[in-house]
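A short write-up of the structure that comes next.
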Amino acid sequence: MSRRRAEARRRTGHERLPAPALVLALVAVAFFALPFAGLLWRAPWSEAWSILTSVAVRDALRLSLVCSLSATALSLGFGVPLAWLLARGRFPGRGLIRALCTLSMVLPPVVGGVALFAALGRRGLVGRWLYEWFDVTIPFSTPAVVIAETFVAMPFLVLTVEAALRGLDGRVEDAARTLGASRGYVFRRVTLPAIRPALGAGAVLAWARALGEFGATITFAGNFPGTTQTLPLAVYLSLETDPPEAIVLSLVLIAVSFAVLVGLRDRWLGGARHAPAGLP
Amino acid sequence: MVLAMRRTVLVGLALLAACGDAAAPAITAPAITAPATTAGATTAPVTTAVSGTIRVFAASSLTGAFTALGEAFRTANPGATVTFSFAASSALVAQLGEGAPGDVFASADEATMAKLVDAKGAAGTPVVFATNRLQIAVGPGNPKGVTALADLARPGLAVVLCAPQVPCGRYAAEALTTAGVAVTPKSLEENVRAVLTKVQLGEADAGIVYETDVRATDGKVTGVAIPADRNVVARYPIVVTAGARAPDAARAFVAFTTSSAGQAVLARFGFGAP
């Protein structure tokens with residue numbers, strides 16, 4: 000390697016990829032791009048508008064957005080404390096707790112749905128008391144969709160945030176404490192700003208997983224237009240009888256997800272590089 | 000922060016892996032293969048014996064009957080292997096349309112079969128090999144006292160039906176219309192087995208399924224008969240697919256379903272003659 004080239008590399012600040020790696024990377028890009036190109040190619044553009052404006056599709060889209068955002072909110076509310084417990088807690092069996100709380104990420108979602116029945120169904124461990132005492136049934140309701148989505152999505156947030164908490168320099172927090180800041184103040188003003196990028200990344204991952212959730216939802220929440228039929232369920236059922244509609248619905252789902260991933264990446268994930276290391 | 004970012008990437012990869020749960024709860028039964036050691040050639044009828052692998056795409060409601068039918072076919076044709084893919088008929092037609100490898104298609108209704116024929120996916124004309132009727136599935140012992148279709152409209156009764164896209168959903172809608180009953184189901188399931196599961200788990204009080212499905216649960220679900228004048232006769236057609244890779248063996252399997260031996264197996268599972 001010549002000195003000039005090395006110097007040029009130092010100036011531009013990035014390395015030129017070796018050709019084989021570049022080729023493989025481009026194959027990978029094509030691998031992800033082609034299926035979407037295929038959908039666009041097969042989309043029935045002339046019917047697209049009438050499909051999109053149908054009540055059934057609007058219902059499914061609205062339900063998907065409401066449920067996936069609710070699941071993300073629940074994941075943040077419970078997942079951040081859980082991540083904190085896993086990162087900072089010193090107690091025996093922590094590894095087991097972590098495995099337990101992230102199990103739903105690797106389970107086939109249908110299994111997750113059956114497990115939710117066993118816990119919250121009318122005959123379930125907890126569900127039977129809800130049914131007998133309060134006449135409350137969770138399955139086949141919109142809350143059931145949110146529960147199913149939260150069940151599979153929260154681990155993505157927990158793992159991401161836990162990793163960020165572990166990577167923090169604890170001395171900064173210690174310093175804030177010795178300067179008289181309360182525990183809550185330190186968490187709000189020191190810890191949270193420092194893990195903000197991971198929080199964003201985790202929330203986006205959890206939201207994306209919730210939006211695409213299928214197996215646990217159709218098992219535990221069933222499929223009924225307006226109450227539990229989210230966009231992925233609508234896509235699956237229309238694929239059997241009306242493939243053009245399924246393609247249009249898929250494109251809607253892809254467009255929404257893509258817009259969010261592109262929009263948030265720069266703000267949150269990309270911002271990680273410039274994030275404050277500790278104190279603001 | 001570098002550590003955090005690396006973890007983020009890892010989690011992202013895990014996300015991709017976990018999202019591979021695609022949307023096909025099709026059950027692929029294990030292959031039924033002739034034991035290589037038995038000298039079956041001498042016992043099998045020489046005239047009908049075929050060999051090769053036959054891949055049968057069959058409606059969910061045929062799960063038990065066809066698994067046994069495959070067993071019987073294999074006994075008669077020791078050189079043959081039969082593999083099954085069970086799912087909603089409509090899902091199977093969609094899969095065949097996308098080039099899924101199936102030699103034989105057995106549908107739970109003629110409308111779904113017509114779709115395959117219209118798409119030039121069938122080799123020859125489908126033949127009806129079995130019939131079925133609807134029944135109301137309720138919990139063991141019928142705790143909610145359901146006696147007729149009209150009861151399904153009762154408020155507070157959790158009813159699940161098949162989705163209207165699926166044959167059993169179409170049949171159920173037909174029966175309910177004939178009976179003049181308006182039902183608000185809790186869920187529209189993707190296939191008949193899913194309806195049965197929800198009743199069996201006790202999460203639904205009642206569902207409309209095929210007679211044969213209730214029978215297959217061995218008492219875990221009780222069936223409430225629907226009178227013949229309000230019932231629907233489900234007709235099951237079968238055909239060799241246009242893309243069959245073992246057409247001769249496939250034709251032999253189709254012929255077997257209407258043979259006396261095949262009909263005996265189907266009758267054992269509660270199916271009616273065509």
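So the protein sequences, as listed, match chains X and Z.
With the first letter of the first sequence counted as 1, position 83 gets the number 82 in numbering that gives the first Met the number 0; the numbers rise by one all the way through.
With the first letter of the second sequence counted as 1, position 72 gets the number 71 in numbering that gives the first Met the number 0; the numbers rise by one all the way through.
Even glycine gets a Cβ: it sits at the ideal position worked out from N, Cα and C.
Quantities reported herein were computed from a predicted structural model and do not represent experimental measurements.
Where residue i sits in the DSSP three-state scheme
i, result
"ALA99 (chain Z)", "coil"
"LEU238 (chain X)", "helix"
"PHE85 (chain Z)", "strand"
"SER49 (chain X)", "helix"
"LEU91 (chain Z)", "helix"
"ILE246 (chain X)", "helix"
"GLY112 (chain X)", "helix"
"SER259 (chain Z)", "helix"
"ALA105 (chain Z)", "strand"
"THR218 (chain X)", "helix"
"ALA79 (chain Z)", "strand"
"ALA205 (chain Z)", "strand"
"GLY120 (chain X)", "coil"
Start and end residues, alpha helix (DSSP H) containing residue i
i, result
"PRO166 (chain Z)", "166-178"
"ILE237 (chain Z)", "It is not in any alpha helix (DSSP H) - ILE237 (chain Z) instead sits in the beta strand (DSSP E) that spans 232-240."
"ARG54 (chain Z)", "That residue, ARG54 (chain Z), is in no alpha helix (DSSP H); its beta strand (DSSP E) goes 51-58."
"THR149 (chain X)", "141-166"
"GLU172 (chain X)", "169-177"
"THR221 (chain Z)", "THR221 (chain Z) -> not in any alpha helix (DSSP H); beta strand (DSSP E) instead, spanning 221-224."
"GLU70 (chain Z)", "62-75"
"GLU210 (chain Z)", "210-215"
"SER69 (chain X)", "54-87"
"GLU39 (chain X)", "One detail in the question is off: residue 39 (chain X) reads as Leu in this sequence, not Glu. Segment 18-41, the alpha helix (DSSP H) holding LEU39 (chain X)."
"LEU187 (chain Z)", "Segment 186-188 is the beta strand (DSSP E) holding LEU187 (chain Z); no alpha helix (DSSP H) there."
"VAL116 (chain Z)", "109-117"
"GLN199 (chain Z)", "191-199"
"SER181 (chain X)", "First-last for SER181 (chain X): undefined, no H or E at that position."
"VAL203 (chain X)", "191-211"
"THR101 (chain X)", "93-105"
"ARG187 (chain X)", "That residue, ARG187 (chain X), is in no alpha helix (DSSP H); it is neither H nor E in DSSP."
Residue range of the unbroken beta strand (DSSP E) whose run includes residue i
i, result
"PRO125 (chain Z)", "121-137"
"VAL158 (chain Z)", "158-161"
"LEU151 (chain Z)", "Here LEU151 (chain Z) belongs to no beta strand (DSSP E), and DSSP marks it neither H nor E."
Buried/exposed call for residue i, threshold 16 Cβ in 10 Å
i, result
"ALA57 (chain Z)", "buried"
"PHE150 (chain X)", "buried"
"GLU188 (chain Z)", "buried"
"PRO108 (chain X)", "buried"
"PRO184 (chain Z)", "buried"
"SER67 (chain X)", "buried"
"ALA152 (chain X)", "buried"
"GLU97 (chain Z)", "exposed"
"THR177 (chain X)", "exposed"
"ARG121 (chain X)", "buried"
"VAL79 (chain X)", "buried"
"THR218 (chain X)", "buried"
"LEU238 (chain X)", "buried"
Span separating the alpha-carbon of residue i from that of residue j
i, j, result
"ASP108 (chain Z)", "VAL264 (chain Z)", "20 Å"
"ALA152 (chain Z)", "ALA224 (chain Z)", "17 Å"
"ALA175 (chain X)", "GLU148 (chain X)", "38 Å"
"SER49 (chain X)", "SER249 (chain X)", "15 Å"
"LEU156 (chain Z)", "ALA113 (chain Z)", "36 Å"
"ARG141 (chain Z)", "ALA147 (chain Z)", "The sequence given here places Asn at residue 141 (chain Z); Arg does not occur at that position. Straight-line Cα distance between these residues: approximately 12 Å."
"SER53 (chain X)", "ALA20 (chain X)", "46 Å"
"ALA205 (chain X)", "GLY78 (chain Z)", "51 Å"
"GLY111 (chain X)", "ARG192 (chain Z)", "18 Å"
"GLU244 (chain X)", "VAL56 (chain X)", "9 Å"
"ASP241 (chain X)", "ARG61 (chain X)", "21 Å"
"GLY76 (chain X)", "TRP132 (chain X)", "28 Å"
"ASP204 (chain Z)", "ALA254 (chain X)", "39 Å"
"GLY199 (chain X)", "ASN222 (chain X)", "31 Å"
Supposed contact pair residue j and residue i - C-beta distance, whole angstroms, cut 8 Å
i, j, result
"ALA174 (chain Z)", "GLY168 (chain Z)", "So it is not a contact: roughly 11 Å between Cβ atoms."
"VAL261 (chain X)", "LEU230 (chain X)", "Actually they do not touch by this definition, with Cβ atoms about 19 Å apart."
"PRO125 (chain Z)", "ILE237 (chain Z)", "6 Å"
"GLU202 (chain Z)", "PRO138 (chain X)", "5 Å"
"ALA207 (chain X)", "ALA70 (chain X)", "Actually they are not in contact, since the Cβ atoms of ALA207 (chain X) and ALA70 (chain X) sit about 11 Å apart, beyond 8 Å."
"ASN131 (chain Z)", "SER60 (chain Z)", "7 Å"
"ALA251 (chain Z)", "ASN76 (chain Z)", "7 Å"
"VAL194 (chain Z)", "GLY206 (chain Z)", "4 Å"
"ALA209 (chain Z)", "GLN134 (chain Z)", "The residue asked about is misnamed: residue 209 (chain Z) is Tyr in this sequence, not Ala. Going by Cβ atoms, the distance from TYR209 (chain Z) to GLN134 (chain Z) rounds to 7 Å, so yes, they are a contact pair."
"VAL103 (chain Z)", "VAL55 (chain Z)", "5 Å"
"SER191 (chain X)", "ALA82 (chain X)", "Sequence inspection shows Leu at residue 191 (chain X); the Ser mentioned does not correspond to that position. The pair is not a contact, with the Cβ atoms about 12 Å apart (cut-off 8 Å)."
"GLN199 (chain Z)", "VAL220 (chain Z)", "5 Å"
"GLY201 (chain X)", "LEU167 (chain X)", "Wrong, their Cβ atoms sit about 15 Å apart, outside the cutoff."
"GLY63 (chain Z)", "VAL81 (chain Z)", "About 15 Å; that fails the 8 Å criterion."
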